[in-house]
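Shown next, in structure tokens, is the structure this report addresses.
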DNA sequence: ATGGCTTCATAGTGAAGA
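In our numbering, the protein residues as written are 45 to 298.
Structure, rendered in structure tokens:
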């Protein structure tokens with residue numbers, strides 16, 4: 045069982061890369077973020093021909109999440125219950141006995157901005173809801189673009205990023221609170237080389253210089269963590285022509 | 001150096017991303 049997450053930064057632009065990647069990688073479940081398209085224009089048919097059922101919560105121009113699965117999904121929800129939010133950032137569904145939750149955590153812009161406050165409230169609402177989901181479902185997988193680098197080793201230059209959005213202490217504390225619900229960062233269940241990231245700025249030749257952050261994550265509840273056998277970042281996708289600024293990550297379960 | 005790319009919405013530039 046292969047679980048994957050990828051912020052595609054426009055599913056319309058990235059569709060050829062996505063289809064090629066699905067054909068090569070054959071994941072069972074894929075969570076996508078920043079699809080940036082309304083539901084009516086989601087490429088359901090192309091993905092069906094590639095062997096995937098699609099579930100999506102989209103909006104015009106911004107945000108938008110989707111879950112692709114080899115098997116049909118059940119009991120889907122497209123928002124955090126009782127948290128008013130115009131932005132499409134959440135999708136959850138039952139797949140193969142797991143509760144799969146796809147998230148696109150707000151970026152936050154800068155620690156002084158209103159968007160940062162929104163990010164922290166959003167994370168608090170996610171935490172409260174997850175507490176319930178974990179009680180309701182025996183196996184929970186939380187995949188997505190968290191827009192948080194949890195530790196120093198997840199940042200190319202921790203001193204440069206100290207206190208900055210994506211690496212500020214309140215954001216990292218919110219990430220730790222998710223872990224305290226019993227969720228494991230699947231990437232860190234395994235020995236990994238140093239300086240592996242999931243996002244690199246489009247500017248400044250950041251990818252070539254490996255000036256990145258690890259902000260996309262796959263968190264697993266204990267039963268799923270016990271089944272994890274490997275976790276990796278597919279850096280090759282970031283090196284293609286016209287790439288997303290994020291690379292996909294994959295965790296394999298027994 | 002508050003920029004630097006890329007996408008979308010738009011038909012000039014501006015918002016947003018991270």
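Built from N, CA and C at the ideal position, the CB exists for glycine as well.
Its Cα nearest to that of residue 198, the residue 255 stands out among 255, 170 and 100. Listed as beta-bridge partners of residue 290 by DSSP are 243. A distance below 6 Å between beta-carbons, with the five flanking residues on each side excluded, links residue 88 to the following residues of its chain, in chain order: 98. Distance from residue 174 to residue 186 at the Cβ level is roughly 7 Å; contact confirmed, criterion being Cβ atoms closer than 8 Å. Listed as beta-bridge partners of residue 50 by DSSP are 76. Going by DSSP, residue 216 is part of the alpha helix (DSSP H) stretching over 213–224. When the five nearest sequence neighbours on each side are left out, the beta carbons in the same chain lying within less than 6 Å of the beta carbon of residue 142 are those of 183 and 185, in order along the chain. Remark: C-beta atoms of residue 162 and residue 108 do not approach each other more closely than 9 Å.
Counting C-beta pairs with one atom in each stretch, the segment 245–253 and the segment 219–228 have fewer than three that are closer than 8 Å, which means they do not touch.
Comparing C-alpha distances from residue 237 to each of 258, 218 and 222 shows the shortest one belongs to 258. At the C-beta level, residue 122 and residue 105 stay beyond 9 Å of one another. Taking each of 291, 272 and 202 in turn and checking the Cα distance to residue 232, the smallest one comes out for 272. Residue burial is scored here from C-beta neighbours: residue 62 has at least 16 other C-beta atoms within 10 angstroms and is therefore classed as buried. Cα atoms of residue 291 and residue 120: separation of roughly 26 Å, rounded to the nearest angstrom. The three-state reading of DSSP puts residue 57 in helix, counting H, G and I together. With a 10 Å radius around the Cβ and a threshold of 16 neighbouring Cβ atoms, residue 77 comes out buried. The beta carbon of residue 138 lies closer than 6 Å to those of 118 and 119 in the same chain, with the five residues before and after it left out. Excluding the 5 residues flanking it on each side, residue 103 has same chain C-beta neighbours closer than 6 Å at 132, in chain order.
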